[in-house]
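Colleague: What follows is a single structure, and I will ask about it in a moment.
In this note's numbering, the protein residues as written are 11 to 351.
Structure follows, in structure tokens:
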């Protein structure tokens, strides 16, 4: 099989990143692996879609670090590749990291990936599903029992009214964004700096006000799903806790949060089961779900991470299971085509 991983930049990848785990495992299993930048697609004669790619060398006995170092070698020759020749296109970029490029770069890339999917390439996650779930508004597609009470608006008065009626702490955050940027804990509608916070947020777009859900510990749980299933190996589910630093409400690892092992509870399972049908319908195969208490606070569909963290915490590499599932679906597709002939 041939795999292409579309990223923001190959040179920003690190050995412990989920993308590197996936690419290395595919390569280790004997598949062809290439990387392309989200800004390097082309469409030409005959609607041929290509991308400038860095192709991994033939399989060798390399660990992830050596594998990635070889790909990031500045002397490595990049070459145009016909993406219709690939079996799997992994979209591993996050438009929320650079919203100013959304219409110029990310939207056309999703359109081209959609055409590739329609030609028979498996695209993970599916472009139409990514468009639908590109903002935190996607959470509102699910039953209200799943997520905290919320309001989405740019009207300051509406947001203030929500806070007054809630009568408890709330989180204010941009509808589009990632990495915990511009996320505020509002303890009451009489917050001294509320007007300033609302101005900062609404000047840049729509805002989500979300009921603050306290958990048993600071932070949240991250659950990884693949093809609608809670991925597990040897009985261990793909879940861990992200613990916020002291005095911090955000649980992003990049902001100093730490990861620790945790239990997967019946409440967690019930939440995931309520998400599954919509995620499958939208073609969102690889998803990270963030849970606090008994509520889902965020669904991560662009470039979800955590495989490296799970490996470190549990000595549990789930990547082989993911690749086996992809390979199995490819075999079933080939058998189906042969039977039709």
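All C-beta atoms in this analysis are idealised placements derived from N, C-alpha and C, irrespective of residue type, glycine included.
Taking just the CA atoms, how far does residue 13 sit from residue 41?
Modeller: Whole-angstrom Cα-Cα distance: 7 Å.
Colleague: Can you give, in chain order, each stretch of the alpha helix (DSSP H) that sits fully within the segment 164-190 and has at least 4 residues?
Modeller: Entirely contained in the segment 164-190, the alpha helix (DSSP H) runs reaching 4 residues are, in chain order, 166-176.
Colleague: Could you check how far apart the C-beta atoms of residue 253 and residue 227 are, in whole angstroms? I think they sit under 8 Å.
Modeller: Going by Cβ atoms, the distance from residue 253 to residue 227 rounds to 6 Å, so yes, they are a contact pair.
Colleague: Based on the DSSP output, what are the partners of residue 65 in its beta bridges?
Modeller: Paired residues: 44.
Colleague: Where do the ends of the beta strand (DSSP E) carrying residue 250 lie?
Modeller: Per DSSP, residue 250 belongs to the beta strand (DSSP E) from 249-253.
Colleague: Taking DSSP as the reference, what is the three-state secondary structure of residue 312?
Modeller: It is coil, neither helix nor strand.
Colleague: Go ahead and label residue 266 buried or exposed: buried means 16 or more other beta carbons lie within 10 angstroms of its beta carbon, across all protein chains shown.
Modeller: Residue 266 should be labelled exposed.
Colleague: Contact defined as beta carbons within less than 8 Å: I believe residue 223 pairs with residue 249. What is the distance between those atoms, to the nearest angstrom?
Modeller: About 17 Å separates the two Cβ atoms, so there is no contact after all.
Colleague: Tell me which residue opens and which closes the alpha helix (DSSP H) that residue 328 is part of.
Modeller: Note, residue 328: premise wrong, no alpha helix (DSSP H); not H, not E.
Colleague: Our contact map puts residue 271 next to residue 323 with C-beta atoms below 8 Å; I'd like the distance itself, whole angstroms only.
Modeller: That pair is a contact at about 5 Å.
Colleague: Apart from the five residues just before and just after residue 349, which ones in its own chain have a Cβ nearer than 6 Å to its Cβ?
Modeller: Model confidence at residue 349 stands at a pLDDT of 48, short of 50, so the residue's coordinates are unreliable and nothing is read from them.
Colleague: Taking the alpha carbon of residue 305 as the point to measure from, which residue in 275, 73, 103, 247 has its own alpha carbon closest?
Modeller: The option with the nearest alpha carbon to residue 305 is 275.
Colleague: Select from 185, 83, 28 the residue whose C-alpha is nearest the C-alpha of residue 102.
Modeller: Among 185, 83, 28, the Cα nearest to that of residue 102 belongs to 28.
Colleague: So, under 8 Å CB-CB, residue 216 and residue 185 are touching, yes? Tell me the CB distance rounded to an integer number of Å.
Modeller: Correct: roughly 4 Å between the Cβ atoms.
Colleague: Once you ignore the five residues that flank residue 158 on each side, which residues in its own chain have a CB closer than 7 Å to its CB?
Modeller: 220, 221, 223, 305, 307.
Colleague: What span of residues does the beta strand (DSSP E) with residue 90 cover, start to end?
Modeller: It spans 89-92 - the beta strand (DSSP E) in which residue 90 sits, taken as one unbroken run.
Colleague: Could you please give me the residues that DSSP links to residue 218 through a beta bridge?
Modeller: According to DSSP, residue 218 bridges with 162, 183.
Colleague: May I ask which residues mark the beginning and end of the beta strand (DSSP E) holding residue 270?
Modeller: Looking at the DSSP string, the run of the beta strand (DSSP E) that includes residue 270 is 268-270.
Colleague: Using 10 angstroms around the beta-carbon of residue 47, count the other beta-carbons present and answer buried if the total reaches 16, otherwise exposed.
Modeller: So residue 47 ends up on the buried side.
Colleague: What is the residue span of the alpha helix (DSSP H) that residue 208 lies within?
Modeller: Unbroken alpha helix (DSSP H) run through residue 208: 204-212.
Colleague: Going by alpha carbons, who is nearest to residue 69 out of 236, 172, 36?
Modeller: Nearest of 236, 172, 36 to residue 69, Cα basis: 36.
Colleague: Would you identify the three-state DSSP class for residue 12, choosing helix, strand or coil?
Modeller: Looking at residue 12 - three-state DSSP - the assignment turns out to be strand.
Colleague: Can you check which of these residues, 134, 122, 209, is closest to residue 164 by C-alpha distance?
Modeller: Out of 134, 122, 209, 209 has the C-alpha closest to the C-alpha of residue 164.
Colleague: Considering Cα atoms alone, identify which of 17, 341, 123, 336 is closest to residue 352.
Modeller: A query on residue 352 cannot be resolved here, the shown segment of the chain reaching from 11 to 351 and no further.
Colleague: Determine whether the beta carbon atoms of residue 229 and residue 256 lie at a separation below 8 Å.
Modeller: The answer is no: Cβ separation not under 8 Å.
Colleague: In chain order, which continuous runs of the beta strand (DSSP E) of length 3 or greater are located wholly inside the segment 98-151?
Modeller: Listed in chain order, they are 98-102, 132-134.
Colleague: Rounded to a whole number of angstroms, what is the C-alpha to C-alpha distance between residue 338 and residue 140?
Modeller: Straight-line Cα distance between these residues: approximately 24 Å.
Colleague: Thinking C-alpha only, which one of 311, 320, 315 is nearest residue 146?
Modeller: When each option's Cα is compared against that of residue 146, the closest is 311.
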